[in-house]
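Written out below as structure tokens is the structure these notes cover.
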């Protein structure tokens, strides 16, 4: 059970080049409303600053209807983790919660174009992206709206934007936002506190070398005892992680070829880690013989106390046996972990932390991030934030869709007052205590969004345990929201169980949720009178289904093509009847602008098996007198196709069954295996053919999934499909395909121009298909269901604007309840 980060998403995002000059755009000077105090002009006189808000926006004095004033709008959501922080939130349900209180620097529209403006829920009034003629620099400039406030009345300024950037880019930041992946000018100097960036890599190499020596000495028996302890501490963390996986997935001794009782899961599941350890070590540490358990004394456990042992007891017993049987490197080799490398990274970070502490203050700012002020063509002065990147990065624009959280709230008023946007930004550099201070606000988010936190009693200052209480998060309207006071005063997000999404709306427990799209649900809503108060919205899912083939385990490219030719991907639509899915032919979501229009199957399904036979013969297979095939070695061809669930329950199940039938006609055996842990095994190079689906976000960049040079890419997907292996060990044809594919992927990253990128990705997707390691199958629909007797259907985002990039209540401030 290898410890590794699984690639969950093929990045499928819309990146548009905006070359318009923001302050050159002519704005209607009357398209503002004055509520902000006057400020000094250059001559010392006071001039009124008009907030950048839409003309005629609703404000606190705008009366609400009785329903909107008194009744809460209840949104159904799955289990919440309680990390409601724009800095440290991780789960999608938690994001849904905290974003009700937030406003982004820029955002995207329904077409996945980056947008900002007076009529957008953004802190930026406008922005532009430019590149230097030699493409050595990219500049992102944001003009900030005047007069926008956080929900507590504090004005949003450029210093707040800088505060958020410096939190995300601090060496101690450990949240999920990845702004640090951008090659920002001066970032490396800041993060290493080495003014000469050209020396930074050498210094980092010193840290790594010192860590390597420390760990290797401990392994050799001549190092520090503390390092040895750390190594075994990491081993135990891995064993505990395996234990959690084994129990969560209901493993039994039989899964490791060992005997166990039929009631194992009910009576002795907590012992599974010891069975797994025994099977891996090849020792009989625990066994079930003649209806009774046997435990070896080396474990420190005894059979008579099995009923009292906890998971921790079995983990400790496993650790005892592992330490007696092998070294830490041998543990990594046997159990598939990376303990030694993890330890080296840990001590390299320690070396770096010590250096940063000693040299803190050497580099006080990131040279590529600056603030300023400019008078725009409408005669209005606005603050600016500019970020300069080295090179060109088409995905970078999406890093600026972060929520602008208030510095005074998350860092404290004292830091806010000290911040100057020059050499102090409200962030204590490389300070664990500072980051822990921000995390103290994980339970109570605050920002410039349409809603603010409250509790069941509508308190102005709720406590964390009252904001999220009994599975419900409570919100009240932020009447100073930039686009207008929300129509609905009270909003609640209520946790519901997976599978109960439709029933929860049907019974009125919640007013909107996202059940799995199905023709059954549609028929109920459209035909059953008991569902007549419900309505639904369908929208394309951003991800897509696929069938994967390992080029390492099926090394001949023509064999892979033969298998694909026997697969009728149209059969996946049986799992999504009524137009709830469509077949796709390239490994990219068809909602992406980069998906080639009019693309057709590269390996069309041939029910006769003739197309497959031709490919097999090209691979050196031979044909017998009765038309059956034999491998080049003279044996019957056999392949294993793996699904995570029964064929009748998986969208690709019928595809596999049909391929089994077609290939049998030409003497090729297909064994369909069910393994619920198939996805966790992909990088172990033990699964030849499998079915899965990608979860996607926004840019079509193919690097992580398809770039096959292991010296440049360390993501897991190319290992699962065998692309790393083929890059080094493939045929001349395969190497040529991969070299060209890598060139195209890198070329697609050198321009911000969509028109230039489209043909690049069109060819790259064709090259990916030529490798025959991923066969796209279907793209399904998602569904939203809402109570139309409670929620005004006219206030829901129109169907034509409901896309994977914009849901039906994304403009929640405009959603309205019906008065009965």
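Residue numbers (our numbering): 9 to 828.
Note that CB positions come from ideal geometry on N, CA and C, so glycine has one too.
With 16 other Cβ atoms within 10 Å as the buried cut-off, status of residue i
i, result
"residue 91", "buried"
"residue 855", "No answer is possible for residue 855: the residues shown for the chain start at 9 and end at 828."
"residue 71", "exposed"
"residue 495", "buried"
"residue 84", "buried"
"residue 444", "exposed"
"residue 612", "exposed"
"residue 782", "buried"
"residue 391", "buried"
"residue 165", "buried"
"residue 129", "buried"
"residue 696", "buried"
"residue 616", "exposed"
"residue 661", "buried"
"residue 453", "buried"
"residue 551", "buried"
Residues sharing a beta bridge with residue i, DSSP
i, result
"residue 521", "793"
"residue 297", "300"
"residue 814", "811"
"residue 698", "556 and 650"
"residue 377", "395"
"residue 468", "Note: residue 468 sits in no beta bridge, so no partner."
"residue 836", "This structure gives no information on residue 836, because the portion of the chain shown stretches from 9 to 828."
"residue 390", "382"
"residue 460", "484"
"residue 81", "499"
"residue 590", "787"
Three-state class that DSSP yields for residue i in the structure shown
i, result
"residue 637", "strand"
"residue 172", "helix"
"residue 725", "helix"
"residue 787", "strand"
"residue 131", "coil"
"residue 150", "strand"
"residue 232", "coil"
"residue 208", "helix"
"residue 625", "helix"
"residue 313", "helix"
"residue 16", "In this prediction, residue 16 has a pLDDT of 27, which is less than 50 and means its spatial position is unreliable; nothing more can be read from the coordinates."
"residue 498", "strand"
"residue 481", "strand"
"residue 180", "coil"
"residue 768", "helix"
"residue 257", "coil"
"residue 106", "helix"
"residue 567", "helix"
Beta-carbon separation (whole angstroms), residue i vs residue j, contact threshold 8 Å
i, j, result
"residue 156", "residue 131", "6 Å"
"residue 542", "residue 795", "6 Å"
"residue 250", "residue 281", "6 Å"
"residue 674", "residue 636", "6 Å"
"residue 812", "residue 529", "So it is not a contact: roughly 19 Å between Cβ atoms."
"residue 248", "residue 294", "The Cβ separation is near 18 Å, so there is no contact."
"residue 593", "residue 609", "5 Å"
"residue 275", "residue 326", "So it is not a contact: roughly 19 Å between Cβ atoms."
"residue 791", "residue 585", "With a Cβ gap of about 14 Å, residue 791 and residue 585 do not count as contacting."
"residue 760", "residue 400", "7 Å"
"residue 559", "residue 733", "7 Å"
"residue 6", "residue 203", "Lying outside 9 to 828, the shown extent of the chain, residue 6 is not represented and no answer is given."
"residue 502", "residue 484", "Their Cβ separation, rounded to whole angstroms, is 16 Å, which puts residue 502 and residue 484 out of contact at 8 Å."
- Are three or more beta carbon pairs between the stretch 322 to 333 and the stretch 344 to 361 nearer than 8 Å? Contact fails: fewer than three Cβ-Cβ distances are below 8 Å.
- Validate contact between the stretch 640 to 649 and the stretch 588 to 601 using beta carbons, cut 8 Å, 3 pairs: The stretch 640 to 649 is not in contact with the stretch 588 to 601.
- Query: With a cut-off of 8 Å, do at least 3 Cβ pairs link the stretch 726 to 746 to the stretch 710 to 718?
  - Reply: Contact between the stretch 726 to 746 and the stretch 710 to 718 is present, with at least three C-beta pairs closer than 8 Å.
- Is there contact between the stretch 363 to 383 and the stretch 156 to 175, where contact requires at least three CB pairs shorter than 8 Å? Segments in contact, yes.
- Item | the stretch 459 to 478 contacting the stretch 103 to 115, beta-carbon criterion three pairs below 8 Å | Result yes; three or more Cβ-Cβ pairs closer than 8 Å.
- Message: Three Cβ pairs or more, each shorter than 8 Å: is that satisfied between the stretch 485 to 505 and the stretch 192 to 203?
- Response: Result no; under three Cβ-Cβ pairs closer than 8 Å.
- Do the stretch 295 to 313 and the stretch 263 to 278 touch if we need at least three Cβ pairs shorter than 8 Å? Yes: at least three Cβ pairs fall under 8 Å.
- Contact the stretch 457 to 469 vs the stretch 392 to 402: 3+ CB pairs below 8 Å: They do not touch, by the three-pair rule.
- Query: Three or more C-beta pairs closer than 8 Å, one from the stretch 735 to 750 and one from the stretch 430 to 441: is that the case here?
  - Reply: They do not touch, by the three-pair rule.
- Message: Under 8 Å: do the stretch 808 to 825 and the stretch 621 to 639 share three or more Cβ pairs, one atom per stretch?
- Response: The answer is no - the stretch 621 to 639 does not touch the stretch 808 to 825, with fewer than three Cβ pairs under 8 Å.
- Item | Cβ pair count under 8 Å reaching 3, the stretch 176 to 188 against the stretch 406 to 420 | Here the stretch 176 to 188 lies against the stretch 406 to 420, with 3 or more beta-carbon pairs under 8 Å apart.
- Task: Evaluate the contact criterion for the stretch 56 to 70 versus the stretch 413 to 432: three or more CB pairs, one atom per stretch, below 8 Å.
- Result: With a cut-off of 8 Å, the stretch 413 to 432 and the stretch 56 to 70 do not count as touching, because too few Cβ pairs lie within range.
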